[in-house]
Amino acid sequence: MSLKIVVLAKQVPDTRNVGKDAMKADGTVNRAALPAIFNPEDLNALEQALRLKETYQG
Numbered sequence: 076m077s078l079k080i081v082v083l084a085k086q087v088p089d090t091r092n093v094g095k096d097a098m099k100a101d102g103t104v105n106r107a108a109l110p111a112i113f114n115p116e117d118l119n120a121l122e123q124a125l126r127l128k129e130t131y132q133g
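First residue of the sequence shown: 76, per my numbering; consecutive thereafter.
1. Could you check whether L109 and T130 sit closer than 8 Å to each other, using their CB atoms as the reference points?
2. For the alpha helix (DSSP H) that P115 lies in, which residues bound it at each end?
3. The beta strand (DSSP E) with K88 in it runs from where to where?
4. Considering only DSSP beta bridges, list what A111 is partnered with.
5. So, does the segment 115-122 touch the segment 92-103, judging by three or more C-beta pairs under 8 Å?
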């Protein structure tokens, strides 16, 4: 039997080092001014999926 796992991941702005140009005049995030990273919660889901794969297919 084959185990198939799907993990959805999203890139989000890295807000750890926010500069003065991080926000636009209208109050929205200036995504061009911030580097994109994987959503940390999505990385947790990916790690759990890899653990499941190792456990049941390893």
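Even for Gly, the Cβ is constructed at its ideal location relative to N, Cα and C.
All values derive from a computational prediction rather than experimental measurement.
On the basis of the coordinates in this document:
1. Within the sequence shown, the letter at position 55 stands for residue 130. Within the sequence shown, the letter at position 34 stands for residue 109. Contact annotation: T130 and L109 have beta-carbon atoms that are not nearer than 8 Å.
2. Locating residue 115 in the sequence shown gives position 40, counting from the first residue. 115-132 is the extent of the alpha helix (DSSP H) around P115.
3. Indexing the sequence shown from 1 puts residue 88 at position 13. First, the residue type needs correcting, since residue 88 is Pro and not Lys in the sequence shown. 86-88 is the extent of the beta strand (DSSP E) around P88.
4. Here residue 111 corresponds to residue number 36 of the sequence shown, with the count starting at 1. Paired residues: P88.
5. Taking 8 Å as the limit for Cβ pairs, the verdict is that the segment 92-103 does not touch the segment 115-122.
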